[in-house]
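As structure tokens, the structure follows; a few thoughts come after it.
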Amino acid sequence: MVNDVKLGRRALPFLAAPALAQPGAPERAIRLAIPFTPGGSTGIIGRVGAQRLGALLGQTVVVENRPGAGGTIGSDAVAKAPADGHTLLMGHIGTLAVNPGLYPRLPYDPLHAFAPICLVCTVANFLAVTNSLAAHSMAEFLALARADPGGIAYGSGGNGSATHIAVSALQEAAGVRFTHVPYRGTGPMMTDLIAGQLQMTMTGGPPALPPIRAGQLRALGVSSLRPVPAAPAIPAIADTVPGFEALQWYGLVGPAGMPMAAVARINAAIHTMLAEPQTRARLEPEAADPAPGTPEAFAALVVAEQARWGALIRRAGVRAE
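Quick note on numbering: the sequence shown equals residues 46 to 366 in this note's numbering.
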């Protein structure tokens, strides 16, 4: 997923991922922190995997939602937790790659505060509009936006959220402008979008696809370079805006300094879980593409994504407030 990434010295602690087993693997229940409100992609993906991961590890995995400040509160709590393998974070493009460019005083540095364990999956975003909007294709939608700059209001799970960043990327690539309406979480935003209080969003498959399939929203495009198996009839935004791609991704991290045995053991369990047909069958309808790899590969992805989205944040003037 990330090739020929040039890494600076500040990335080295994050890249120093354990490769050999040693004493210190988890034994008690594992707390898996989801740093957002229920209803968003992170929580749904986390809950899909938590039960099976616990079974493979022979431990209970307790999912805890700890929302606030764009995922910062829950992430910081994990960064400051004991590095014994019993507290993990469902890391996300927002918390690990976007927030460093948004918050000048972020209480944690993702490249130093966490031990990368394993990338879990990537998830395409779906651009969905209310059924009352007079657009049935991306071309029609962009024509409306160009005719009335700022006239289309889109909702996100908060300032600096994955939706906020993805739509900012679309605005830059397509030369359009929308009005941003941030919410305290994806769930409340989707409720208002379905009710017609907004016109558009671009969010991950888990929250977007159920109302799309139910006919409550109209999907105009997907943010991957090609249609996804979960919704093959929805065209890629790239068909209208060449080269456009904005994927979310999710992966497990723990506090820096986790025992090597704990990282290796959890990484192996994730690989096993994601290779199982029953897990893949649960993820595919959510447009989640399993993408496990090594801790080092996950670290390289975070470094590359920080560079990409940090540059966009500066160009677009995206703010967390």
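Built from N, CA and C at the ideal position, the CB exists for glycine as well.
Residue i and residue j look like a contact to me (Cβ under 8 Å); what is the Cβ gap, rounded to whole Å?
{"i": "A160", "j": "P300", "result": "7 Å"}
{"i": "G232", "j": "T82", "result": "6 Å"}
{"i": "T17", "j": "W294", "result": "With the chain represented from 46 up to 366, any question about residue 17 goes unanswered, as that position is not in the structure."}
Please name the residue, chosen from the options, that lies closest to residue i on a Cα-to-Cα basis.
{"i": "G130", "options": "G338, V308, R360, A332", "result": "V308"}
{"i": "P340", "options": "S120, L156, V143", "result": "L156"}
{"i": "G302", "options": "I162, M135, S120, V106", "result": "I162"}
{"i": "H137", "options": "T236, M235, L328, V165", "result": "V165"}
{"i": "G99", "options": "A352, I315, Q351", "result": "I315"}
{"i": "R310", "options": "T82, P83, Q104", "result": "Q104"}
{"i": "P304", "options": "A128, L102, R73, L101", "result": "A128"}
{"i": "L359", "options": "N144, L101, G338", "result": "Note on residue identity: the sequence assigns Arg, not Leu, to residue 359. Looking at the Cα atoms, N144 is the closest of the given residues."}
{"i": "Y198", "options": "T175, H181, E185, S206", "result": "Inspection of the sequence shows that residue 198 is occupied by Ala rather than by Tyr. Closest by alpha carbon: T175."}
{"i": "S206", "options": "P251, L357, A313, G230", "result": "G230"}
{"i": "A313", "options": "R73, V348, M135, G338", "result": "G338"}
{"i": "H181", "options": "M135, D154, I279, L101", "result": "I279"}
{"i": "L101", "options": "L346, R353, V348, E321", "result": "E321"}
{"i": "V348", "options": "D154, M135, A179", "result": "D154"}
Apart from the five residues just before and just after residue i, which ones in its own chain have a Cβ nearer than 8 Å to its Cβ?
{"i": "T324", "result": "V93, G94, R97, M318, P335"}
{"i": "A218", "result": "V286, G288, F289"}
{"i": "R111", "result": "A78, I79, P80, I118, G119, A122"}
{"i": "V221", "result": "L187, A190, R191, P194, L215"}
{"i": "R327", "result": "V93"}
{"i": "P152", "result": "T117, D121, A124"}
{"i": "A39", "result": "Past the boundaries of the shown model lies residue 39; the chain is included only from 46 to 366, so the question cannot be answered."}
Are residue i and residue j close, meaning C-beta to C-beta below 8 Å?
{"i": "S177", "j": "G260", "result": "no"}
{"i": "M183", "j": "L243", "result": "no"}
{"i": "S268", "j": "L292", "result": "yes"}
{"i": "A169", "j": "A306", "result": "no"}
{"i": "L238", "j": "L262", "result": "yes"}
{"i": "A361", "j": "N204", "result": "no"}
{"i": "Y228", "j": "G196", "result": "no"}
{"i": "E329", "j": "A142", "result": "no"}
{"i": "G115", "j": "G139", "result": "yes"}
{"i": "A275", "j": "L254", "result": "yes"}
Using a Cβ-Cβ cutoff of less than 7 Å, which residues in the same chain neighbour residue i once the five nearest sequence positions on both sides are dropped?
{"i": "V108", "result": "L77, I79, G91, R92, A95"}
{"i": "R271", "result": "A281"}
{"i": "A211", "result": "N170, M247, S268, A291"}
{"i": "V273", "result": "A169, V267, A332"}
{"i": "M234", "result": "G200, S201, G202, Y228, T246"}
{"i": "I257", "result": "F171, A173, A264"}
For residue i, which residues from the same chain have a beta carbon less than 6 Å from its beta carbon, with the 5 sequence-adjacent residues on both sides left out?
{"i": "G355", "result": "G146"}
{"i": "T132", "result": "R76, V123, A126"}
{"i": "V106", "result": "I75, L77, A95, L98, G99"}
{"i": "V363", "result": "S213"}
{"i": "A158", "result": "A124, A301"}
{"i": "Y148", "result": "A365"}
{"i": "F223", "result": "I197, Y199"}
{"i": "R73", "result": "H131"}
{"i": "G69", "result": "Interpretation of G69 is limited by its pLDDT of 46, a score under 50 that renders its predicted location unreliable; no figure is taken from the coordinates."}
{"i": "R150", "result": "none"}
Item checked: Every unbroken beta strand (DSSP E) inside the stretch 197-275 [3 residues or more] -> 198-201, 224-227, 245-249, 262-267
Checklist line | Every unbroken alpha helix (DSSP H) within the stretch 73-138, with a cutoff of 4 residues, ordered by chain | finding: 86-102, 117-124
Checklist line | Completely contained beta strand (DSSP E) runs for the stretch 142-198, where each covers 3 or more residues | finding: 159-175
Check: For the stretch 278-320, which segments carrying the alpha helix (DSSP H) assignment without a break, of at least 4 residues, lie completely within its bounds, in sequence order?
Finding: 305-320
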